[in-house]
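Let me begin by presenting the structure, written as structure tokens, before commenting on it.
Chains as they are written, first to last, in our numbering: chain R, 3 to 369; chain Y, 3 to 369; chain L, 3 to 369; chain U, 3 to 369.
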């Protein structure tokens, strides 16, 4: 469990530190025959890169990807796809100070406790930049899924106290909205809220929701490798995510069986009835997963994102000598992690679904 | 991803169906030298077995475990530990009917969609009896952890609308309480609520909370194999669990950075300061995990358990011909899954922590 | 690497000691829909059980298998298949003595060095009885492969100095021959040789050869998971095997490129030419594998089996106090391991091929 | 089993094609605290690079390595170590022709059969250049092992019909000898033999032997993950290797138990006797492994390397239309693979031992 490899058959191996020479990922297990260009990858990296708005750090990172292997004449060959993003000369000076103490809410302390020391520059491996490899690999997974009719829609459901109004849901504006909100009014309110927090040197959290459409029923394995268990593993492995729920999620704790159960129905019946294409559910409290396998309905999950821990407001902590001190985190930081995390959540979801599809092959003897 | 094997180094392979000849588990990777008897295992199986109270199914299952290998003269040998629980003659008649249709909230449909058919007797592999193997293996993990000073406390936090009152928290009564609630008043209220539901042929959900104490800081791997990601994978793999959260969990979505960050403090400072033993946090919003690694504070998570899907109240669904029908689930079913799931949650948590401890070895070169 | 689990998708988890309550295996990842009965398994267990001739130990072991899960109404369900073989009351007395010293050629010393102690009864986990689980699982793999036209033929190529004469190769007699030799003359000579060794309280080694026919070209992964690398891992994991070679094997060290290269040819050419079905090689020096992938020719490998280390002739060794002593191994032992190992080799080969076939699925995007 | 990842805990993920932009490897699971520079890696890459003598291809490849992550201030951090070697502009023209047919002894056909097409430039992923990643990762493993007193010595045992004379064994000259032979006379003879083959446009095979000293007894897992099974998997995954044997290897097939068993002895006896440090074997027929675990003696294995399949002498094969043709492989090729493969074998052996050491941790409860 070295910890930087994800997937059973569609395996990704990410690497790189915030202020190292570069970051990247190796994708081992991508099927041969997929048309792939650097533009396919760049499109998604651009959605996570900083400086997209006043709500994302203004660090000047281009994050241009280069594909180094696994693609021949524009098509994947079935061999490992290595992708790299060079770090531009980072201002390590910004970080020299934090080498001496432990930032609240960060992994500084746990890294030192585990390894005895750490690459303190910009958080090193625990920096949000680690997700570059996830997004680059996720872009391939998303393209693969599109060939099988699977579509993933991920958006910001809430920021601090401001929730989107489902009645105003406008998918078309997600990628253009500064906060990835599908509801313009909510986005404007949230921006005002964030402006205030920023002026106070503070930050806030939010909720990201993900919808996965087009997954055939029966995906996922019955016991430990349930589809929702694998998705939870994938999403909870993203820094700053503190919880995940499927369908009615935590609300089921207050519900009764008659409220929570979804009735099955069928488009047709009789001799032409097809179990895998004609069945639907009248409701979707389950969030598209039953017994760990996709049930043909939309897969729905939400995850909670904690506030950016880097805040300029004064905080108490200790230095490496165990002395209590007051610190104020300098540097350029996002007042909210959510908007840039949306594409990361979508990437991890796509990687999980692709892996489940590949692992599902051969589960039954076709006569 | 055949799906019935869990763990990287402390691997468990569970097997068995509700109405098959037996159920069991093989534990591969348990260190040699652990004193182990069948009584150590039986103690935990008894906590999950049915018929413990009017709130758990009265099916007469003894679930007596037999250790078949891996233990010599009362001590583990380092070779696989095989444990088996024979099924007593089950009344398959109870289940012949459900072979023909898809129970709402169950895996009947997804199994058929995936495999084309299923062992319909008592839910087959998707039955709650599948957790027998998890609990038997978990008992070994819990005993191992106790040698390293790790203690896990798992309990019922809420049932339907009734929450425990933290002020009344009484750990000593968890295992004796019919509902595994550490608050007598809450338990009495919940029992009344359940009595009413049962009379209506209904069921309800609840929340289970788990506290893990004594974990050294630095456990868990920084990227994909974060300790909270592995725990989420383990817990979400339990049937009926629809969500999990750590520390402040979903509440972080409404919090600010200054509210959510935990300040570090030290018991002592200066030359005797020890990073791994002297540091503590003044609060524990993080739930004991930072950057995917244990931070030395109590690890805290909660998971949402859905209502028992088997209810006698009439429900609409379809049969194998796609015809809509109304069904009423017969047989003896728990009106609430939570009490018996508590030990399953504790087992999966223990298995995850033991595995993380074994995988953490050798992460640093000790000079 | 707990070490008792084999396979990436068709995973088997074996367990059990020579003198424990039972031995067995859990097969996780077997496709649903395979007709399977205990007779299918017993047939292969009978080929490895002792007492088949004067050249195999006369220990009275029936080794009757029981299928405990994963099969419903005579067909595999896609869930784990657990199989168990009870040990009959073993005469542990036979083994009490060897607890005190280290038998030459056995794992007694390495077990103690690794774990500090061992289950010394009949070799415990390192006993040949460990292979019961491999053969039970292998029987399923062999039946699966037959559905895909893959046939495995395994036999004794040599015993001590006696080799079979390819000109006399008679496949039909392999399973009936006491020594699993396809050449009657060689078998008679070998039996005479073994009679002499037995009278001297000695033993000898031999070579097992395996032919795999019907494997489509392209099976196996290009780099680390080459088909021959996976087969070598599987075969070398069998106790007593000291070497393996494919095709011309070690002879290639003396050959030139023009001698060793196999020329490709085609049954037809032109528009109807099919790359996967029409190509053949005029020779098969490669043993059916090129670049780690099957090349459509017969897969051929040989493995060397060491002499039974348990011999009654006096040997020097040390006891647990480090004192040198002379020992004579009592008990009933095979003068030759080869005949009973033939089915074990075939089982491991089958498990490897099935796993490679399942892992090969989805390697290319089918349009 | 995507196939380009090796190791359970010390995991390496290699990538890259012969004529792609670059080749490299990501090492996930290297312990923190190891001093590491690019010079440590380059030293081993230089041993495999072409153009070292007239017996290795004269392609002008510098193969300069760059470390992109996982090292901070000259020490490994415990995070993934990414290493890259840029390909210099390759003359793809050399290879355009072979795109149309299948070279005997190469993976051209099996790649097309598996994927439907291939990167034909210089063999693409099946090129010997794939081993650059193995050697770069192996260099780290070798440095790690040196800290634990483990030393690996790998050399050319034979080339064609010429064997080294053990009596002349001179370890000091291995790395300076053009053919990596520890026997000057044999090397001179072999060079003459190779000169003749080259003039004929032919090639030949040979044998590489590897000695591993300093491994504590008890390394390796008893059943499937035997140390010799893992080493066989690793070594057989190297292109051109057709067989492997340990200790007496295939000779055991002709030996008797009394000849093959190694007697245990002890340096001392009595109260000071230490099982793990005082025991030795009077002989080493086992090659340092008993029951799949290291027995404290030198680990010895040999592997057979086939002749370079690329020869300019005319050969018969087929083109993509299934038409038989005669070809003569152009380009610059080694007349012998062995000398450059020596460091690859040593690298794979080191990676296997390091992984086994890490997986061995925690196998016993230390009180």
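Glycine included, C-beta positions come from ideal geometry on N, C-alpha and C. This structure is a prediction, so every number in the text was calculated from the model and none was measured.
Does any CB atom of chain Y fall closer than 8 Å to the CB of residue i?
{"i": "residue 167 of chain U", "result": "no"}
{"i": "residue 338 of chain L", "result": "no"}
{"i": "residue 7 of chain U", "result": "no"}
{"i": "residue 177 of chain U", "result": "no"}
Answer yes or no: does any C-beta atom of chain R fall closer than 8 Å to that of residue i?
{"i": "residue 37 of chain U", "result": "no"}
{"i": "residue 30 of chain U", "result": "yes"}
Where residue i and residue j are concerned, what is the direct C-alpha to C-alpha distance, given to the nearest angstrom?
{"i": "residue 104 of chain Y", "j": "residue 237 of chain R", "result": "31 Å"}
{"i": "residue 106 of chain U", "j": "residue 177 of chain U", "result": "32 Å"}
{"i": "residue 68 of chain U", "j": "residue 291 of chain R", "result": "45 Å"}
{"i": "residue 89 of chain L", "j": "residue 26 of chain L", "result": "10 Å"}
{"i": "residue 152 of chain U", "j": "residue 38 of chain L", "result": "49 Å"}
{"i": "residue 3 of chain R", "j": "residue 72 of chain Y", "result": "At residue 3 of chain R, the pLDDT of 46 sits below 50, so the modelled position is not reliable; the number obtained from the coordinates is stated separately. If I take the Cα positions, the gap works out to 24 Å."}
{"i": "residue 337 of chain R", "j": "residue 199 of chain R", "result": "7 Å"}
With DSSP as the reference, label residue i as helix, strand or coil.
{"i": "residue 318 of chain L", "result": "strand"}
{"i": "residue 131 of chain R", "result": "helix"}
{"i": "residue 12 of chain R", "result": "coil"}
{"i": "residue 214 of chain U", "result": "strand"}
{"i": "residue 161 of chain U", "result": "strand"}
{"i": "residue 37 of chain R", "result": "strand"}
{"i": "residue 280 of chain R", "result": "coil"}
{"i": "residue 153 of chain R", "result": "strand"}
{"i": "residue 261 of chain U", "result": "helix"}
{"i": "residue 125 of chain U", "result": "helix"}
{"i": "residue 68 of chain L", "result": "strand"}
{"i": "residue 6 of chain L", "result": "coil"}
{"i": "residue 104 of chain L", "result": "coil"}
Taking its Cβ as the centre, do 16 or more other Cβ atoms sit within 10 Å of residue i, making it buried, or is it exposed?
{"i": "residue 172 of chain Y", "result": "exposed"}
{"i": "residue 184 of chain Y", "result": "buried"}
{"i": "residue 303 of chain L", "result": "buried"}
{"i": "residue 157 of chain L", "result": "buried"}
{"i": "residue 278 of chain L", "result": "exposed"}
Could you pull the start and end residues of the beta strand (DSSP E) that residue i belongs to?
{"i": "residue 248 of chain Y", "result": "243-248"}
{"i": "residue 266 of chain U", "result": "266-268"}
{"i": "residue 306 of chain Y", "result": "301-307"}
{"i": "residue 24 of chain R", "result": "24-30"}
Which residue comes first and which comes last in the alpha helix (DSSP H) that contains residue i?
{"i": "residue 191 of chain R", "result": "186-201"}
{"i": "residue 359 of chain L", "result": "340-362"}
{"i": "residue 252 of chain R", "result": "Note, residue 252 of chain R: premise wrong, no alpha helix (DSSP H); not H, not E."}
{"i": "residue 221 of chain L", "result": "From DSSP, residue 221 of chain L is part of no alpha helix (DSSP H); its letter is neither H nor E."}
{"i": "residue 238 of chain U", "result": "229-238"}
Is residue i close to chain L, meaning its C-beta is less than 8 Å from at least one C-beta of that chain?
{"i": "residue 83 of chain R", "result": "no"}
{"i": "residue 117 of chain Y", "result": "yes"}
{"i": "residue 277 of chain U", "result": "yes"}
{"i": "residue 34 of chain R", "result": "yes"}
Does residue i get closer than 8 Å to chain A when you measure Cβ to Cβ?
{"i": "residue 366 of chain U", "result": "Given the protein chain composition of this structure (R, Y, L and U), no chain A is represented."}
Can a CB atom of chain U be found closer than 8 Å to the CB of residue i?
{"i": "residue 19 of chain R", "result": "yes"}
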